[in-house]
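Chains as they are written, first to last, in our numbering: chain A, 2 to 315; chain B, 2 to 556. Beta carbons are placed, not taken as given, at the ideal position from N, Cα and C, and that holds for glycine.
See the structure below:
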């Protein structure tokens, strides 16, 4: 475990450096005139003006060569200075930190709900495959995977904010405002967790050591949870790190639909406005969080699964 | 709740509400009047549900849950009420006053300009009470309104005005209202300033009605974009902003135009139109801007909603590249004009969310055409195409490009494609982001392009649009149109200050563009907002005004 952790941590700087290069290059390789895009983000229907464009390019440092721009940005980032946003002309770091915090809370709550709802349902469904509960859980899981967020969000709002006004339809900052976005965001991972837990549990219950447990007289719920669900958790845990990273920057639909000032919306706005410093810092932030999150998920999986642990240590 | 679920409204769509108050005193020399009334525009009825999946789903579910209840638009004003607003546009540039974010600040009633735009497009008093050209025609003397204080308690002085105007004129990318005119401001005594431009500028007062020239307290200008919190002069004082999520305003007790009715305004920036509709339906907000046409079906007067829809100074035009075949031939351009049914585009393709256009300028402005567009003439179009050498033996194939940022454009492109097919023109649609397409458009490397353009963006005078978009030297002449006759028509705009004479030029220019088949104006856009439990509510098509001293909650 310790060795695994050390090896993974050792690769982190190289991974971040490689990611920073890709993050820097990709928007520039897209062929978009950044200066013009920035000007249009400030004034939507401004006509092109080469003189103004040259002045803005100089102001934003875009008149320098790409290597110079990259090294300058990297050097500043290493000292914690993420620069100024092209759009707002204010420091990026506070905006990014705030958005990252919002998205982290949103993603963590969604994963928590997904785990609390999805795993027990999947495990219970696995107890008697093909029976009513199993069919119901499987059907709901298919629905949860198939229904996109842009459909689920308005449906939940209409049901739980309009028809039965229990929660606010938009906004962020109070527990009540978090309910609908978290439910929307949790639907897909919950469905996946239920399916995965069900499959893993059915597989676990068929293993020889479970037969031994049955021979010892251990049965019912104890068997299900102690021997089946524990193994089922390993698969779900391995996915959770990846899901967390994905939800951090990828919850654009939910953040836009509910007016949440998260990282997904920040990145979306940055792409539209060609706000390169914001885009670069945001993506770097996602990578910086995703790598440790993935590592944490992997370590948790090793802690839960002795077979996988033995394979790594061998 | 159960009965609410099963109760149905018998009137899904009642008659549109009347337009809001629009009495603004005219005359340059007046002072101390009630103000902030937006330009009056015709209110139009809604027509049909538009088949957009998400919104349609929301509407269907909304109809299940819709239950008419609550007071109508008229009610007893609630003193010191709080208004909750779902705003359509979030500040994208940190409320920087040299960007479009200035519209957000102005709409919220926080910042004001020296001059206001009257309903007929004439300059009206704002923070300035009067103005006049001096003996040097390049210089205007502007008298400031007495007794005005900024939200930070400091008085409006000539020095403060000079600071604000100098800042906006000196930014790296000056806004269009002051760009390229060499604007300089100087103090002129204890209650006036002079504003000088490089050349005589007949519309300088109108330029000073641009929200980008709003005057903030000197404390706002400390380097970088000005700080807008607590530095305006308007009826509401901006007290807090939370990025692109929200803003909070409180009443400016010392407002020069009288005590505002509202005590507080809470703004949520909800950029998704369906989410704004749902927030209004859920009662999270009292006013929602820019709702989708289909969502408006459920906001009926019978349910207590007050829907205001006004014509906007925005036209969707089909640009035709005149620098190359086939549209260098005026017969082909006229054939396209005859083939397209603009009324059907507005009423069917866009489900009534737009108005059919007969000219560049529409009902949003005093000089705009009120006439319906000509009916389509398919045989006439085929004849013209045949004269130009196109027909079954030599079919015409063109590219029809547009961009998806405005959702109506791809819809219109599809409808136009179908109409052109009727006369034997094969239009191949290409949809992509506007930015990468712009250089190709300006270089004349395209056939047809659907463009949505606001012709009064910063100043209620389309003179600059007529020059940049259609003159031989125009910097945004996508049509690649060049006519000495047209340029000569515009010449008086450089010297004419009289609004009536300028409007005659605008009319003549628009008629000339129609006669020469320069592009094809298809539809005029509309703006809307819906309120519940609110009085004194109106929609400003110029997007400069929303929160006014008269706006109040009702109970």
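Checklist line | Contact between the segment 110 to 118 of chain B and the segment 128 to 143 of chain B (3+ Cβ pairs under 8 Å) | finding: Three or more Cβ pairs drawn from the segment 110 to 118 of chain B and the segment 128 to 143 of chain B lie within less than 8 Å of each other, which places the two stretches in contact.
Check: Using 9 Å as the limit for Cβ to Cβ distance, is residue 275 of chain A near chain B?
Finding: Taking Cβ atoms only, chain B reaches closer than 9 Å to residue 275 of chain A, which makes this a yes.
Check: Quick one: Cα of residue 282 of chain B to Cα of residue 524 of chain B, how far?
Finding: Answer to the nearest angstrom: the Cα atoms are 29 Å apart.
Next item on the list: Throw me the rounded Cβ distance for the residue 209 of chain B and residue 198 of chain B pair, which I believe falls under 8 Å.
Entry: With a Cβ gap of about 11 Å, residue 209 of chain B and residue 198 of chain B do not count as contacting.
Notebook entry, point to check: Looking at C-alpha atoms only, which residue of B:322, B:286 and B:224 is the closest neighbour of residue 86 of chain B?
Noted result: When only C-alpha atoms are compared, the closest one is B:286.
Checklist line | Close beta carbons around residue 24 of chain A, own chain, < 7 Å, minus the five adjacent residues each side | finding: The beta carbon of residue 24 of chain A sits closer than 7 Å to those of 281, 284 and 285, all from its chain and outside the five residues before and after it, given in chain order.
Check: Within 9 Å (strictly less), CB to CB, does residue 11 of chain A reach chain B?
Finding: With respect to chain B, the C-beta atom of residue 11 of chain A has no partner C-beta closer than 9 Å.
Check: Straight-line CA distance for residue 156 of chain B to residue 145 of chain B?
Finding: Distance between the alpha carbons of residue 156 of chain B and residue 145 of chain B: 11 Å.
Note to self: For residue 307 of chain B and residue 339 of chain B, I'd like the C-alpha separation in whole angstroms.
What the structure shows: Residue 307 of chain B and residue 339 of chain B: Cα-Cα distance of roughly 38 Å.
Check: Who does residue 453 of chain B pair with in a DSSP beta bridge?
Finding: Note: residue 453 of chain B is bridge-paired with B:317 in the DSSP secondary-structure output.
Margin query: Once DSSP output is grouped into helix, strand and coil, what is the label at residue 355 of chain B?
Written below: Strand at residue 355 of chain B.
Check: Should residue 80 of chain B be labelled buried (16 or more other beta-carbon atoms within 10 Å of its own) or exposed?
Finding: Residue 80 of chain B should be labelled exposed.
Checklist line | Under 7 Å from the C-beta of residue 349 of chain B: neighbouring residues of chain A | finding: The CB of residue 349 of chain B never comes closer than 7 Å to any CB in chain A; the least such distance is about 25 Å.
Check: So, does the CB of residue 441 of chain B fall closer than 9 Å to a CB anywhere in chain A?
Finding: So, not an interface residue.
Next item on the list: Assuming residue 507 of chain B and residue 368 of chain B form a contact by the criterion Cβ under 8 Å, report the distance between their Cβ atoms to the nearest whole angstrom.
Entry: Sure, about 5 Å apart at Cβ, within 8 Å.
Check: Can you tell me where the alpha helix (DSSP H) with residue 237 of chain B in it begins and where it stops?
Finding: Element bounds for residue 237 of chain B: not the alpha helix (DSSP H) but the beta strand (DSSP E), 237 to 243.
Notebook entry, point to check: chain A partners of residue 279 of chain B, CB-CB under 8 Å?
Noted result: Going along chain A in sequence order, the residues near residue 279 of chain B (Cβ under 8 Å) are 155, 158, 159, 162, 163, 170 and 171.
Next item on the list: Below 8 Å on the Cβ atoms is my guess for residue 400 of chain B versus residue 447 of chain B; work out the distance and round it to an integer in Å.
Entry: So it is a contact: roughly 7 Å between Cβ atoms.
Checklist line | Segment contact, 8 Å Cβ cut-off, at least three pairs: the segment 213 to 227 of chain B with the segment 467 to 479 of chain B | finding: With the cut-off at 8 Å, the segment 213 to 227 of chain B and the segment 467 to 479 of chain B do not touch.
Item checked: Top-ranked residue by Cα proximity to residue 294 of chain B, from B:267, B:443, B:427 and B:350 -> Nearest option by C-alpha distance: B:350.
Check: Where does residue 569 of chain B fall in DSSP's three states?
Finding: The requested residue 569 of chain B is not part of the displayed model; chain B covers only 2 to 556.
Next item on the list: List the endpoints of the continuous beta strand (DSSP E) containing residue 269 of chain B.
Entry: Taken as a continuous stretch (DSSP letters only), the beta strand (DSSP E) holding residue 269 of chain B covers 265 to 270.
Checklist line | Alpha-carbon spacing of residue 188 of chain A relative to residue 313 of chain B, whole angstroms | finding: Spanning the two alpha carbons is a distance of roughly 41 Å.
Next item on the list: Would you kindly work out how many angstroms separate the C-alpha atoms of residue 497 of chain B and residue 464 of chain B, rounded to a whole number?
Entry: About 11 Å.
Notebook entry, point to check: So which residues of chain A does residue 94 of chain B contact, with C-beta pairs closer than 8 Å?
Noted result: Here the neighbours are 42, 43, 88, 89 and 90.
Check: Of the choices A:294, A:278 and A:167, whose alpha-carbon is the least far from that of residue 71 of chain A?
Finding: The shortest C-alpha separation from residue 71 of chain A is found at A:278.
Notebook entry, point to check: Hey, which unbroken runs of the alpha helix (DSSP H) at 4 residues or more fall wholly within the segment 251 to 282 of chain A?
Noted result: Correct list: 253 to 258 and 264 to 274.
Check: So the alpha helix (DSSP H) residue 486 of chain B belongs to, where does it begin and stop?
Finding: Here the alpha helix (DSSP H) through residue 486 of chain B covers 485 to 491.
Notebook entry, point to check: By the 10 Å Cβ neighbour count, where 16 or more other Cβ atoms means buried, how is residue 21 of chain A classified, buried or exposed?
Noted result: With 16 or more Cβ atoms within 10 Å of its Cβ, residue 21 of chain A is classed as buried.
Notebook entry, point to check: Who pairs with residue 533 of chain B in a beta bridge, going by DSSP?
Noted result: Answer is B:306, bridged to residue 533 of chain B.
Note to self: Using the three-state DSSP reduction, which class does residue 15 of chain B fall into: helix, strand or coil?
What the structure shows: With a pLDDT of only 32 at residue 15 of chain B, under the threshold of 50, the placement of this residue in the model should not be trusted; the figure read from the coordinates follows. In the structure shown, residue 15 of chain B adopts coil according to DSSP, grouped into three states.
Notebook entry, point to check: Which residues, in order along the segment 255 to 269 of chain A, keep a beta-carbon less than 8 Å from a beta-carbon of chain B?
Noted result: The segment 255 to 269 of chain A vs chain B, Cβ under 8 Å: 257, 258, 259, 260, 261, 262 and 266.
Next item on the list: Below 8 Å on the Cβ atoms is my guess for residue 236 of chain B versus residue 550 of chain B; work out the distance and round it to an integer in Å.
Entry: Indeed they touch by this definition, with Cβ atoms about 4 Å apart.
Check: The beta strand (DSSP E) with residue 210 of chain B in it runs from where to where?
Finding: Residue 210 of chain B -> no beta strand (DSSP E), and no H or E assigned at all.
Checklist line | Listed by chain order, chain A residues near residue 477 of chain B by CB distance under 7 Å | finding: The answer, in chain order, is 48.
Note to self: Given a cut-off of 9 Å on the beta-carbon distance, is the pair residue 323 of chain B and residue 519 of chain B in contact?
What the structure shows: Residue 323 of chain B is a Cβ neighbour of residue 519 of chain B, given a cutoff of 9 Å.
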